[in-house]
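Those sequence lines, one after another, are chains E and F.
Under our numbering, residues 10 to 308 are what the first sequence spells out, in order.
Under our numbering, residues 38 to 173 are what the second sequence spells out, in order.
Step one of this worksheet: look at the structure below.
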Amino acid sequence: MASLKALKLRITSIKSTQKITKAMKMVAAAKLRRSQEAAEAARPYSERMAAVMASLGSRITVGPESPKLLAGTGNDQTYLLVVVTSERGLAGGFNTNIVRMARKRADELLAQGKMVKLLLAGRKGRAVFVRTHRDMILDTLDLVHGKAQKFADAQAIAQQVIDRFNHGEFDIAELFFSRFRSALVQEPTTVQLIPAALPVAKSAEPAVPAGGPPPAAIEYEPDEEAILADLLPRNLGVQIFRAMLENQASFFGAQMTAMDNATRNAGDIITRLTIVYNRTRQAAITTELIEIIAGAESL
Amino acid sequence: MAETLHFELVSPEKLLRSGEVFMVVVPGTEGDFGVLPGHAPLVSTIRPGAIQVFPTSMNDVPERIFIDGGFAEVGPDGLTILAESAIPVGELDIEGTARDLAAARDALRTASGEPDIAAAELRIAKLEAMQAVAVN
Numbered sequence: 010m011a012s013l014k015a016l017k018l019r020i021t022s023i024k025s026t027q028k029i030t031k032a033m034k035m036v037a038a039a040k041l042r043r044s045q046e047a048a049e050a051a052r053p054y055s056e057r058m059a060a061v062m063a064s065l066g067s068r069i070t071v072g073p074e075s076p077k078l079l080a081g082t083g084n085d086q087t088y089l090l091v092v093v094t095s096e097r098g099l100a101g102g103f104n105t106n107i108v109r110m111a112r113k114r115a116d117e118l119l120a121q122g123k124m125v126k127l128l129l130a131g132r133k134g135r136a137v138f139v140r141t142h143r144d145m146i147l148d149t150l151d152l153v154h155g156k157a158q159k160f161a162d163a164q165a166i167a168q169q170v171i172d173r174f175n176h177g178e179f180d181i182a183e184l185f186f187s188r189f190r191s192a193l194v195q196e197p198t199t200v201q202l203i204p205a206a207l208p209v210a211k212s213a214e215p216a217v218p219a220g221g222p223p224p225a226a227i228e229y230e231p232d233e234e235a236i237l238a239d240l241l242p243r244n245l246g247v248q249i250f251r252a253m254l255e256n257q258a259s260f261f262g263a264q265m266t267a268m269d270n271a272t273r274n275a276g277d278i279i280t281r282l283t284i285v286y287n288r289t290r291q292a293a294i295t296t297e298l299i300e301i302i303a304g305a306e307s308l
Numbered sequence: 038m039a040e041t042l043h044f045e046l047v048s049p050e051k052l053l054r055s056g057e058v059f060m061v062v063v064p065g066t067e068g069d070f071g072v073l074p075g076h077a078p079l080v081s082t083i084r085p086g087a088i089q090v091f092p093t094s095m096n097d098v099p100e101r102i103f104i105d106g107g108f109a110e111v112g113p114d115g116l117t118i119l120a121e122s123a124i125p126v127g128e129l130d131i132e133g134t135a136r137d138l139a140a141a142r143d144a145l146r147t148a149s150g151e152p153d154i155a156a157a158e159l160r161i162a163k164l165e166a167m168q169a170v171a172v173n
């Protein structure tokens with residue numbers, strides 16, 4: 010049985026750990042709110058972008074002349090997996106879940122005899138892939154932690170993806186990140202970046218109130234193809250930016266849950282240790298009393 | 038004049054402006070165009086330059102906002118401009134732009150290979166547009 014002093018020390022140490030996890034939980038909750046707001050603020054842009062892409066998509070037939078970002082290279086030999094993880098840990102299974110999904114996909118592709126290349130954003134994914142798929146990593150990029158995600162960062166990643174695509178380094182690109190469902194639920198998700206999947210238009214032309222004049226045809230300046238060629242790289246940046254924002258929100262959600270569990274766990278341990286401590290103390294007192302009484306009787 | 042144009046300026050990070058205005062002049066890739074209420078549906082790319090917002094009438098002093106390329110969409114519910122960055126012209130840093138421009142020109146001289154040259158040229162074009170807007 011541990012000595013009284015050792016028990017007391019352990020209880021104090023766990024109490025201070027609990028204070029830290031409690032504080033981290035509250036910080037994560039505050040940051041979660043902020044990153045949710047950031048994700049909300051980014052919505053109008055990507056919605057408009059998707060709407061325009063959809064209306065363009067309905068007027069264009071994908072053919073060999075279409076931009077390569079849309080039509081693909083006509084090949085599917087080499088895959089690029091862009092994996093977005095977080096910069097920090099202590100968020101439960103958050104990074105593990107994303108990485109596991111990406112790794113499963115990579116192994117699946119390898120089993121089919123495809124080539125796989127990896128582009129990692131965020132420090133936490135790197136540690137895992139360095140161990141298992143070291144020779145496939147093209148580059149790793151750091152993200153900002155905590156602060157608002159910058160669109161410029163997303164654009165830099167998008168630019169790198171496009172450059173590599175234009176150099177023929179890969180045929181198909183997929184993006185892995187964690188979709189934010191709620192503070193408690195994060196869902197590892199994969200999205201195909203290249204060739205771009207055009208969102209399906211709900212209706213090709215904007216809806217008009219019944220009885221109104223028929224909708225005027227949308228004029229494109231320059232033509233549809235030129236706009237599409239300009240939009241596709243932008244759209245890639247927007248998709249990556251959205252992934253970064255969702256990932257950030259998911260990260261804080263996961264961290265909040267993880268820290269909440271840790272706090273509760275610490276509380277349980279403290280209760281258990283306190284009981285042991287009190288019992289030990291009581292046992293010591295009883296022993297002393299017995300000794301004193303025995304001593305007094307023998308006199 | 039009862040009708041107004043609903044105008045939205047959106048960047049990837051947030052909705053920058055949303056409101057009712059009289060007219061907006063947009064620097065399209067194929068030339069500037071003014072958008073008044075009831076404009077025909079149009080989608081156009083934008084070259085780097087200043088958009089001009091006329092709040093209530095033609096005679097207003099337009100509010101000028103520098104836009105780093107993007108695209109404009111005119112639909113039944115007004116004009117939406119999607120831009121990666123938007124800076125009010127009054128806040129443009131003339132000296133900083135001149136410095137960046139000089140640096141970019143240096144980069145072009147030393148650049149080798151197709152993509153580097155193209156990137157440097159794009160940057161110079163943006164900075165030149167920024168400078169032209171800022172000085173006027």
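C-beta atoms are modelled at their ideal positions from N, C-alpha and C, and glycine is treated no differently.
Legend entry - Whole-angstrom distance between residue 48/E and residue 59/E, CA atom to CA atom: 16 Å
Inset, instruction - State buried or exposed for residue 50/F, treating a residue as buried only when at least 16 other CB atoms are found within 10 Å of its CB. - result: buried
Legend entry - Whole-angstrom distance between residue 282/E and residue 130/E, CA atom to CA atom: 42 Å
Inset, instruction - Could you spell out the range, first to last residue, of the alpha helix (DSSP H) harbouring residue 34/E? - result: 13-50
Legend entry - Chain-ordered residues of the region 57-77 of chain F with a beta carbon less than 7 Å from chain E: 65, 66, 67 and 77
Inset, instruction - Could you tell me which of 168/F, 143/F and 140/F sits nearest to residue 131/F, measuring between CA atoms? - result: 168/F
Inset, instruction - Determine the contact status of residue 81/E and residue 181/E, defining contact as a CB-CB distance below 8 Å. - result: yes
Legend entry - For residue 160/F, the three-state DSSP class (helix, strand or coil): helix
Legend entry - Length of the line joining the Cα atoms of residue 226/E and residue 194/E: 43 Å
Inset, instruction - Could you tell me which chain E residues have their CB closer than 7 Å to the CB of residue 172/F, listed as they occur along the chain? - result: Neighbours of residue 172/F on chain E: none; closest Cβ ~26 Å, over 7 Å.
Inset, instruction - Rounded to whole angstroms, what's the CA-CA distance from residue 150/E to residue 43/E? Just pull it up for me. - result: 23 Å
Inset, instruction - Identify the contact partners of residue 240/E in chain F, using a Cβ-Cβ distance below 9 Å as the criterion. - result: 82 and 108
Inset, instruction - For chain F, find out if any of its Cβ atoms is closer than 8 Å to the Cβ of residue 236/E; answer yes or no. - result: yes
Inset, instruction - Report yes if the CB atom of residue 118/E is closer than 8 Å to the CB atom of residue 125/E, and no otherwise. - result: yes
Inset, instruction - May I ask you to report which of helix, strand or coil DSSP gives residue 295/E? - result: helix
Legend entry - Start and end residues, beta strand (DSSP E) containing residue 129/E: 124-130
Inset, instruction - Just the chain F side, please: which residues come within less than 9 Å of residue 20/E by C-beta, in chain order? - result: By Cβ distance, chain F contributes nothing, its closest Cβ being about 47 Å from residue 20/E, past 9 Å.
Legend entry - Residue closest to residue 93/E, alpha-carbon to alpha-carbon, out of 12/E, 19/E, 231/E and 128/E: 128/E
Inset, instruction - Express the C-alpha separation of residue 238/E and residue 76/E in angstroms, rounding to a whole number. - result: 6 Å
Inset, instruction - Would you check if the distance between the CB atom of residue 79/E and the CB atom of residue 241/E is smaller than 8 Å? - result: yes
Legend entry - Contact under 8 Å by Cβ, residue 104/F with residue 61/F: no
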